[in-house]
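S.K.: Residue numbers (the numbering used here), protein chains in the order written: chain S, 1 to 176; chain C, 1 to 421; chain E, 1 to 256.
Virtual Cβ for every residue (Gly too), placed ideally from N, Cα, C.
I have a structure I would like to understand better, so I am pasting it below and will then ask my questions one at a time.
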Amino acid sequence: MADDNDGTTRRDFIHVASVTAGALGAACVAWPFIDQMNPAADTLALSSTEFDVSGVEEGMAVSIVWRGKPVFIRHRTKKEIQEASEVQLDDLPDPQADSDRTSRPEMLVLLGVCTHLGCVPLGQSATDPKGEWGGWFCPCHGSHYDTSGRIRKGPAPTNLAVPPYKYISDSVIKIG
Amino acid sequence: MSEPKFNNSLVRWIDHRLPIFTFMHHEMHEYPTPKNLNYWWNFGSLAGIVLVIMIMSGIVLAMHYTAHVDHAFQSVERIMRDVNYGWLVRYIHANGASFFFIVVYIHIFRGLYYGSYKAPRELLWMLGVVILILMMATAFMGYVLPWGQMSFWGATVITNLFSAIPLVGESIVTLLWGGFSVDNPTLNRFYALHYLLPFVIVGVVVLHIVALHRFGSNNPLGIDVRGNQDTISFHPYYTVKDAFGLGVFLILLSAVVFFLPNSMGHPDNYIPANPMVTPAHIVPEWYFLPFYAILRAVPDKLFGVLAMFAAIGVLFILPWLDRSPVRSATFRPIYKIMFWVFLVDCVALTWLGAKPAEGIYVVLSRLCTAYYFFHFIILLPALSIFETPKSLPKSISKPVLDPDGGGGGMIAVPAAPREKA
Amino acid sequence: MVSAKVIRGFLFASVCFLVSNGAVKAAGGVPVPQQDWTFSGVFGTFDRGELQRGFQVYKEVCAGCHSLNYISFRNLTDLGFKEEEIKVIAKEYEVEDGPNNDGDMFTRTAIPSDTWPAPYPNDNAARAGNNGALPPDLSLMVDARVGGADYLYALLSGYHEAPEGQEVAEGMYYNAYYPGHQIAMPSPLVDDGVEYGDGTKATINQQARDVSAFLAWATEPNMEQRKRMGVKVLIFLIVMTGLFYVSKRRIWADVH
């Protein structure tokens with residue numbers, strides 16, 4: 001419309017306004033068609049999970065589902081806590097103190113998703129390989145995590161993430 | 001026909017190897033179009049745009065829809081309630097279907113009035129009829145997907161039409177259903193086909209446009225283009241005119257989508273499908289009503305079904321039923337009247353299709369059905385022989401009759417195909 | 001002059017489907033009187049007070065038999081409830097969850113993301129508890145009935161003595177607006193059957209009106225968003241189309 005290839009139609013204001021209005025309209029229509037792919041209201045409503053950790057005994061680990069992904073809850077032994085807190089931060093690819101990763105040292109809560117490419121690391125059940133540092137081992141590409149869920153060896157770039165959670169009572173945590 | 005000059009060197013590089021830009025220039029920019037097209041000629045490109053709107057909104061809905069009898073209704077409600085703008089996309093798609101048929105029906109009646117189906121555009125017309133049939137199949141299967149009461153019983157009744165076929169009818173119906181009633185297998189295959197057919201329509205639309213561009217558009221005078229003085233380039237003249245028409249269309253569509261979104265639907269389809277209970281009054285969507293009226297008008301099951309299919313099928317042979325050499329009704333005094341009578345007949349059939357099949361409605365349906373076929377089978381061939389057309393203008397640029405011409409223009413000069421691009 | 005024909009065409013097509021639609025509407029039931037709702041019309045919005053009262057009627061009267069499957073507790077924010085209030089409401093209900101680690105289903109108190117608990121576990125139980133009649137789910141009532149909210153109001157306030165000569169079968173009740181006039185649901189509302197917190201007098205008509213409005217919301221919680229957006233979209237489209245029209249006139253000025 002605002003084209004003047006043959007030089008006979010003038011590129012005057014009204015044509016520019018028309019094309020602008022058309023383009024603006026198309027852009028506005030695009031948003032609902034993109035936003036529909038974002039999480040729907042019912043999906044967002046499920047984005048927090050509550051869990052009673054009192055049933056998890058020392059040395060035990062459970063996996064619960066939060067936002068469709070596993071969350072590892074591990075009741076660590078004294079020895080595991082000690083190992084995790086005595087590591088020199090300089091030795092870590094992604095340095096972070098164990099105390100910064102838990103709100104109660106014995107109860108470790110982690111997002112059970114390998115930070116490399118999203119597999120679920122092994123180490124939750126007693127018979128699983130736990131890797132060289134006694135934490136978790138990702139079978140997809142061989143990442144080793146320690147008893148604080150920190151990356152020690154392998155291709156994963158960062159430590160297992162700690163999901164946002166808080167204790168809403170003495171034994172119940174709310175994740176998300 | 002000039003070779004386009006492109007300023008951008010990348011465009012030139014590509015065009016030399018893949019002449020897509022030259023093609024677009026010829027077919028969408030320079031494409032010579034009769035300069036006297038009226039607004040009724042907007043509905044062709046408008047139908048194309050509505051098809052795009054339907055496919056885009058449909059793909060979005062498919063991202064959230066679940067084709068299972070236990071989840072379909074619920075997944076549609078999730079789209080309406082929880083998915084971001086899901087209600088908007090679904091209302092566009094549901095009402096867009098109705099508007100698609102409004103646009104296409106106007107497009108068809110435009111063709112009927114101005115004789116656009118006549119030589120050399122017979123295949124163009126027939127491809128259009130194929131598109132109409134594909135649209136009907138797509139719309140029918142789409143209406144089944146929400147799995148409401150009307151979905152279910154519409155699917156039951158329409159698929160049962162095929163049971164009218166002698167000997168193999170029952171087997172065909174079982175084949176269509178994938179079971180012994182409309183059930184989960186039926187819903188799944190309808191979903192698969194509802195997703196497929198729009199792209200088949202796109203393919204036929206491409207052929208429709210290729211056939212159109214062979215001889216160019218017909219025009220309100222129905223006479224052939226005599227030279228460059230009769231045409232203007234498609235761009236910017238018809239692009240801006242189509243844009244304006246699209247604007248008007250979008251205003252009407254938006255008014256319905258935002259303020260009367262359920263006015264063209266049926267309340268029963270907000271009740272989940274129940275195979276044990278048929279709704280008191282089952283009615284197809286409005287765009288099927290004339291054909292539904294014809295189906296019910298014939299007291300015999302097989303012949304009713306045949307009549308319904310024949311009502312669409314007769315459009316295929318229309319170019320050979322109407323042998324009059326004059327295209328436009330403007331110059332056919334009797335046909336012009338009969339066109340409007342036929343239109344009223346179609347509206348009457350639409351109205352009767354929604355009425356219960358009892359009493360006076362049955363009689364009226366039969367009369368209107370009989371007239372529908374009378375128009376095509378008897379009236380049009382007879383008019384071709386007996387009607388005396390008015391004198392045709394010499395050319396589009398000279399719409400005023402040449403005083404010496406005396407009707408010599410009545411003899412149709414064969415149209416020349418467009419020069420090969 | 002230029003678009004008169006097009007407009008005529010559209011009007012004609014509109015008449016075609018409105019005629020056929022009107023026929024559908026007249027085919028079932030009894031014509032119902034139109035009510036004046038705050039949510040009707042182009043700029044209509046819900047009255048939060050009305051919705052909350054209607055919710056109370058649903059909760060205390062209807063919910064005994066009728067499910068509301070497509071509404072979750074979290075949706076009550078639309079009615080003007082705060083998140084904390086919704087948690088309290090949800091806590092009044094028990095929902096089944098599970099299986100737990102032992103493989104057993106268990107009940108727990110509801111949370112905002114739960115859908116409204118149904119009164120019966122399945123349709124057969126609902127029939128068994130209601131003389132064989134199935135109380136329909138109410139989440140889509142306004143769209144699923146000809147006449148919408150007007151019909152619901154008419155139905156709920158339309159219980160009278162059967163007129164002379166009208167047979168009413170055993171276990172059925174006379175209703176002026178129900179198709180066939182015989183309905184399996186006894187009049188659910190009584191004067192002062194609920195006690196409104198805002199002091200509104202709970203007459204039958206008032207309750208019928210409130211709960212009809214509530215169900216209109218439940219049917220389409222996005223209605224207000226739809227209408228608000230619609231006004232903006234229409235204004236934009238009219239301006240855009242006007243510009244297109246002027247452009248068209250300019251470009252076509254030299255065509256004769």
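Just the Cα atoms here: how many angstroms apart are Ile235 (chain E) and Ser163 (chain C)?
M.R.: Looking up residue 235 (chain E) in the third sequence gives position 235. Looking up residue 163 (chain C) in the second sequence gives position 163. Computed Cα separation, rounded: 51 Å.
S.K.: What is the rounded straight-line gap between the Cα of Val24 (chain E) and the Cα of Ser40 (chain E)?
M.R.: For the purposes of this step, residue 24 (chain E) is identified with residue 24 of the third sequence, where counting begins at 1. For the purposes of this step, residue 40 (chain E) is identified with residue 40 of the third sequence, where counting begins at 1. Note on Val24 (chain E): pLDDT 36, under 50, position unreliable in the model; the coordinate value appears next. In this structure, the alpha-carbon of Val24 (chain E) lies about 21 Å from that of Ser40 (chain E).
S.K.: Any Cβ of chain C within less than 8 Å of the Cβ of Ser247 (chain E)?
M.R.: Sequence index remark: in the third sequence, residue 247 (chain E) carries index 247 (1-based). Cβ-Cβ to chain C under 8 Å: yes for Ser247 (chain E).
S.K.: Would you say Lys227 (chain E) and Phe43 (chain E) are within 8 Å of each other, going by their C-beta atoms?
M.R.: Numbered from 1 along the third sequence, position 227 holds the residue referred to as residue 227 (chain E). Numbered from 1 along the third sequence, position 43 holds the residue referred to as residue 43 (chain E). Yes, the Cβ-Cβ distance between Lys227 (chain E) and Phe43 (chain E) is below 8 Å.
S.K.: Contact check, Gly96 (chain C) vs Val50 (chain C) under 8 Å by CB: the rounded distance?
M.R.: Position 96 of the second sequence holds residue 96 (chain C). Position 50 of the second sequence holds residue 50 (chain C). About 6 Å separates the Cβ atoms of Gly96 (chain C) and Val50 (chain C), confirming a contact at the 8 Å cut-off.
S.K.: Buried or exposed, going by whether 16 or more other CB atoms sit within 10 Å of the CB of Ala293 (chain C)?
M.R.: For the purposes of this step, residue 293 (chain C) is identified with residue 293 of the second sequence, where counting begins at 1. The residue is buried, with at least 16 neighbouring Cβ atoms inside 10 Å.
S.K.: Curious, which full-length beta strand (DSSP E) runs of at least 3 residues does the region 128-190 of chain E contain?
M.R.: Listed in chain order, there is nothing to give.
S.K.: Identify whether Lys25 (chain E) lies in helix, strand or coil by the three-state DSSP scheme.
M.R.: The count along the third sequence starts at 1 and reaches residue 25 (chain E) at position 25. Below a pLDDT of 50, predicted positions are generally treated as unreliable, and Lys25 (chain E), at 44, falls in that range; the measurement from the model is reported next regardless. Note: Lys25 (chain E) maps to helix in three-state DSSP.
S.K.: From what residue to what residue does the alpha helix (DSSP H) around Trp351 (chain C) run?
M.R.: Working through the second sequence from its first residue, we reach residue 351 (chain C) at position 351. 333-353 is the extent of the alpha helix (DSSP H) around Trp351 (chain C).
S.K.: Any beta-carbon of chain S closer than 8 Å to the one on Val50 (chain C)?
M.R.: For the purposes of this step, residue 50 (chain C) is taken as the residue at position 50 of the second sequence. At a cut-off of 8 Å, the C-beta of Val50 (chain C) has no neighbouring C-beta in chain S.
S.K.: Quick one: does Tyr85 (chain C) have its CB under 8 Å from some CB of chain S?
M.R.: Start at 1 with the first residue of the second sequence, and residue 85 (chain C) comes out as number 85. Yes - at least one Cβ of chain S is within 8 Å of the one on Tyr85 (chain C).
S.K.: Closer than 8 Å between beta carbons: that is the criterion. Which residues of the region 217-250 of chain E meet it against chain S?
M.R.: Phe236, Leu237, Val239, Met240, Leu243, Phe244, Val246, Ser247, Arg250
S.K.: Ala72 (chain E) touches chain S at which residues, Cβ-Cβ below 8 Å?
M.R.: Here residue 72 (chain E) refers to the residue found at position 72 of the third sequence. First, the amino acid is wrong: residue 72 (chain E) is Ser here, not Ala. Residues of chain S passing the Cβ test: Asp42, Ala45.
S.K.: Under 8 Å between beta-carbons, which chain E residues line up against Gly22 (chain S)? List them in chain order, please.
M.R.: Taking the first residue of the first sequence as position 1, residue 22 (chain S) is located at position 22. Those within 8 Å of Gly22 (chain S) in chain E are Met240, Phe244.
S.K.: Leu117 (chain S) to Ala156 (chain S), Cα distance in whole Å?
M.R.: As a working mapping, residue 117 (chain S) is identified with position 117 in the first sequence. As a working mapping, residue 156 (chain S) is identified with position 156 in the first sequence. Approximately 8 Å, taken between the alpha carbons.
S.K.: At the level of alpha carbons, what is the spacing between Thr427 (chain C) and Ile102 (chain C)?
M.R.: Summary: the structure shown does not reach residue 427 (chain C), with chain C confined to residues 1 through 421, and so no result is reported for it.
S.K.: Do you know offhand how far Leu108 (chain S)'s Cα is from Glu58 (chain S)'s?
M.R.: For the purposes of this step, residue 108 (chain S) is taken as the residue at position 108 of the first sequence. For the purposes of this step, residue 58 (chain S) is taken as the residue at position 58 of the first sequence. So the two alpha carbons sit approximately 11 Å from each other.
S.K.: With a floor of 4 residues, list each alpha helix (DSSP H) that falls wholly inside the region 130-167 of chain C, ordered by position along the chain.
M.R.: With a minimum length of 4 residues, the continuous alpha helix (DSSP H) runs that stay inside the region 130-167 of chain C are 149-160.
S.K.: Are the C-beta atoms of Ala17 (chain S) and some chain E residue less than 8 Å apart?
M.R.: Taking the first sequence and counting its residues from 1, one reaches residue 17 (chain S) at position 17. Yes - at least one Cβ of chain E is within 8 Å of the one on Ala17 (chain S).
S.K.: Can you find at least 3 beta carbon pairs, one from the region 69-79 of chain C and one from the region 180-189 of chain C, that sit closer than 8 Å?
M.R.: yes
S.K.: Please report the straight-line C-alpha distance between Ala17 (chain S) and Gly86 (chain C), rounded to a whole angstrom.
M.R.: Taking the first sequence and counting its residues from 1, one reaches residue 17 (chain S) at position 17. Taking the second sequence and counting its residues from 1, one reaches residue 86 (chain C) at position 86. Straight-line Cα distance between these residues: approximately 31 Å.
S.K.: Compute the beta-carbon to beta-carbon distance between His235 (chain C) and His29 (chain C), rounded to the nearest angstrom, for a pair I have assumed lies under 8 Å.
M.R.: Along the second sequence, read from residue 1 onward, the residue named residue 235 (chain C) stands at position 235. Along the second sequence, read from residue 1 onward, the residue named residue 29 (chain C) stands at position 29. About 4 Å separates the two Cβ atoms, so the contact holds.
S.K.: Per DSSP, Tyr145 (chain S) forms a beta bridge with which residues?
M.R.: Taking the first sequence and counting its residues from 1, the one referred to as residue 145 (chain S) is at position 145. Answer is S:Trp136, S:Ile151.
S.K.: May I ask you to check if the CB of Ile282 (chain C) is nearer than 7 Å to at least one heavy atom of the ligand FAD?
M.R.: You won't find the ligand FAD in this model; it holds no ligand whatsoever.
S.K.: Residues in the same chain with beta-carbon distance under 6 Å from Asp3 (chain S), minus the five sequence neighbours each way, listed in chain order, please.
M.R.: If you number the first sequence from 1, residue 3 (chain S) lands on position 3. At Asp3 (chain S), the pLDDT of 46 sits below 50, so the modelled position is not reliable and the matter cannot be decided from this model.
S.K.: Kindly list, in the order they appear in chain S, the residues whose Cβ is closer than 8 Å to that of Pro186 (chain E).
M.R.: Taking the first residue of the third sequence as 1, we reach residue 186 (chain E) at position 186. By Cβ distance, chain S contributes nothing, its closest Cβ being about 35 Å from Pro186 (chain E), past 8 Å.
S.K.: Against chain A, does Ser113 (chain E) count as a neighbour if the rule is that its beta carbon must be under 8 Å from one of theirs?
M.R.: Note that chain A does not occur in the displayed structure, where the protein chains are S, C and E.
S.K.: Assuming Pro163 (chain S) contacts Gly176 (chain S) under a Cβ cut-off of 8 Å, what Cβ separation, rounded to an integer in Å, is found between them?
M.R.: The sequence position of residue 163 (chain S) within the first sequence is 163, counting from 1. The sequence position of residue 176 (chain S) within the first sequence is 176, counting from 1. The Cβ separation is near 7 Å, so the contact holds.
S.K.: Taking Tyr70 (chain E) as the reference, which of C:Glu77, C:Ser365, C:Met141, C:Val129 has the closest Cα?
M.R.: The residue you call residue 70 (chain E) lines up with position 70 of the third sequence. It is C:Glu77.
S.K.: Looking only at its own chain, which residues have a Cβ that is under 8 Å from the Cβ of Ala97 (chain S), when we skip the five neighbours before and after it?
M.R.: Taking the first sequence and counting its residues from 1, one reaches residue 97 (chain S) at position 97. Cβ within range, chain order: Ser85, Leu89.
S.K.: If you draw a straight line from the C-alpha of Phe17 (chain E) to the C-alpha of Met63 (chain C), how long is it?
M.R.: Locating residue 17 (chain E) in the third sequence gives position 17, counting from the first residue. Locating residue 63 (chain C) in the second sequence gives position 63, counting from the first residue. Only weak support exists for where Phe17 (chain E) lies, its pLDDT of 48 falling under 50; the coordinates are left without a value.
S.K.: For the putative contact between Asn131 (chain E) and Gly171 (chain E), defined by C-beta atoms under 8 Å, what is the C-beta separation to the nearest angstrom?
M.R.: The count along the third sequence starts at 1 and reaches residue 131 (chain E) at position 131. The count along the third sequence starts at 1 and reaches residue 171 (chain E) at position 171. Contact flag correct, Cβ pair sits at about 5 Å.
S.K.: Counting only beta-carbon separations shorter than 8 Å, does Ala243 (chain C) have a partner in chain S?
M.R.: As a first step, residue 243 (chain C) is located in the second sequence; it is residue number 243 there, counting from the start. Chain S, which has a Cβ nearer than 8 Å to the Cβ of Ala243 (chain C), makes this yes.
S.K.: Taking beta-carbon pairs under 7 Å, can you tell me which members of the region 325-344 of chain C lie near chain S?
M.R.: none
S.K.: When you compare each of S:Phe51, S:Pro32, S:Pro39, S:Thr102 to Ile173 (chain S) by their alpha carbons, which one comes out closest?
M.R.: Here residue 173 (chain S) refers to the residue found at position 173 of the first sequence. When each option's Cα is compared against that of Ile173 (chain S), the closest is S:Phe51.
S.K.: Can you grab the Cα-Cα spacing for the pair Ala213 (chain E) / Ala149 (chain E), in whole Å?
M.R.: On the third sequence, position 213 is the one that residue 213 (chain E) refers to. On the third sequence, position 149 is the one that residue 149 (chain E) refers to. So the alpha carbons of these two residues sit roughly 7 Å apart.
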